[in-house]
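Student:
Numbering (the numbering used here), first residue to last: 2 to 261.
1. With residue 225 and residue 34 assumed to form a contact (beta carbons below 8 angstroms), what rounded beta-carbon distance in angstroms separates them?
2. Cβ atoms of residue 174 and residue 202: under 8 angstroms apart, would you say?
3. Are the Cβ atoms of residue 82 and residue 132 separated by less than 8 angstroms?
4. Using the C-alpha atoms, what's the distance from residue 74 back to residue 110?
5. Under a Cβ-count criterion, where at least 16 other Cβ atoms within 10 Å of its own Cβ denotes burial, should residue 223 be classed as buried or exposed?
6. To which residues of the same chain is residue 37 closer than 8 angstroms at the C-beta, ignoring the five residues directly before and after it?
7. Ignore the nearest five residues each way along the sequence and tell me which others in residue 24's own chain have a CB closer than 8 angstroms to its CB.
8. Taking its Cβ as the centre, do 16 or more other Cβ atoms sit within 10 Å of residue 102, making it buried, or is it exposed?
9. List the DSSP bridge partners of residue 37.
10. In chain order, which continuous runs of the alpha helix (DSSP H) of length 4 or greater are located wholly inside the region 212-261?
11. Would you call the CB atoms of residue 154 and residue 254 closer than 8 angstroms?
12. Sorted by chain position, which residues of the same chain lie with C-beta nearer than 6 angstroms to residue 42's C-beta, five sequence neighbours on each side aside?
13. How about residue 106 and residue 156: do their beta carbons lie closer than 8 angstroms?
14. According to DSSP, is residue 194 helix, strand or coil?
15. Residue 120 lies in the alpha helix (DSSP H); which residues open and close that run?
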């Protein structure tokens with residue numbers, strides 16, 4: 002069984018499934034995907050992702066504010082985030098983090114937001130789902146400062162081995178998406194070969210970043226199979242063992258998830 006450890010089910014392009022999320026999830030299940038973590042990105046979609054967990058037994062969610070969704074001039078309120086995290090199917094915090102690639106001018110505000118999420122993690126013990134781009138030094142510095150007692154994950158990892166190792170040394174997991182299949186991703190493939198087997202997750206980040214051979218099309222949770230097959234081959238492992246290991250890793254990192 003596979004887990005899609007990071008997908009945006011409320012944002013999928015469902016045209017390939019006649020507009021039906023039921024059909025899209027069933028297509029993934031038919032390919033061995035047994036669980037889905039639907040990721041919150043803003044206060045506006047928190048209710049939507051929670052509702053999906055009540056509709057589908059194999060969907061859990063996170064709640065948080067993506068760094069590019071932080072409202073100008075205002076970091077999310079800690080009380081709001083803690084209230085959202087009370088929902089029993091909210092198993093993680095985020096996605097949160099820093100993205101200076103698109104909004105370097107918002108670095109201070111993004112850091113304020115990230116600190117709110119890290120404080121919520123301190124208070125609740127739930128793991129954090131981290132987005133980082135163009136902000137390597139600050140991301141690592143803030144994680145070291147927080148010194149969370151529980152792990153989190155650097156999702157859709159695209160940085161180099163030095164950053165991966167620094168995160169792994171702090172107890173974090175690394176999640177890889179379809180980007181690892183792209184032709185120009187040699188450095189990322191080098192990281193993928195080196196991540197310890199018990200600290201690796203696999204994801205789609207759908208509807209974004211569809212893997213080869215679907216690149217350029219809307220991504221779907223069913224394509225996590227292509228990512229997993231590619232990674233198993235890259236690492237010299239059987240697909241079955243890779244799927245089993247990454248599922249066990251997911252269950253360890255997200256102990257509140259309803260993975261069968």
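Don't be surprised by glycine CBs; every beta carbon is placed ideally from N, CA and C. Given the structure is predicted, the values throughout are model-derived calculations rather than measurements.
Tutor: Reading off the structure:
1. Between residue 34 and residue 225 the Cβ distance is about 6 angstroms, and since that is below 8 angstroms, they are a contact.
2. Cβ atoms of residue 202 and residue 174: closer than 8 angstroms.
3. Not in contact: residue 82 and residue 132 (Cβ atoms no closer than 8 angstroms).
4. One C-alpha to the other measures close to 7 angstroms.
5. So residue 223 counts as buried.
6. Closer than 8 angstroms at Cβ, skipping near neighbours: 4, 5, 8, 10, 26, 29, 57, 59, 60, 61 and 222.
7. Short of 8 angstroms from the beta carbon of residue 24, and not among the five residues preceding or following it, lie these beta carbons of its own chain, in chain order: 15 and 18.
8. A residue is called buried when at least 16 other Cβ atoms come within 10 angstroms of its Cβ; residue 102 does not meet this threshold and is exposed.
9. When beta bridges are read from the DSSP output, residue 37 appears opposite 5 and 60.
10. The region 212-261 contains these whole alpha helix (DSSP H) runs: 225-236 and 240-254.
11. Their beta carbons are under 8 angstroms apart, which means residue 154 touches residue 254 by this criterion.
12. Once the five neighbours on either side are set aside, the close Cβ partners of residue 42 are 67 and 70.
13. The answer is no: Cβ separation not under 8 angstroms.
14. Correct three-state label for residue 194: helix.
15. Segment 108-125, the alpha helix (DSSP H) holding residue 120.
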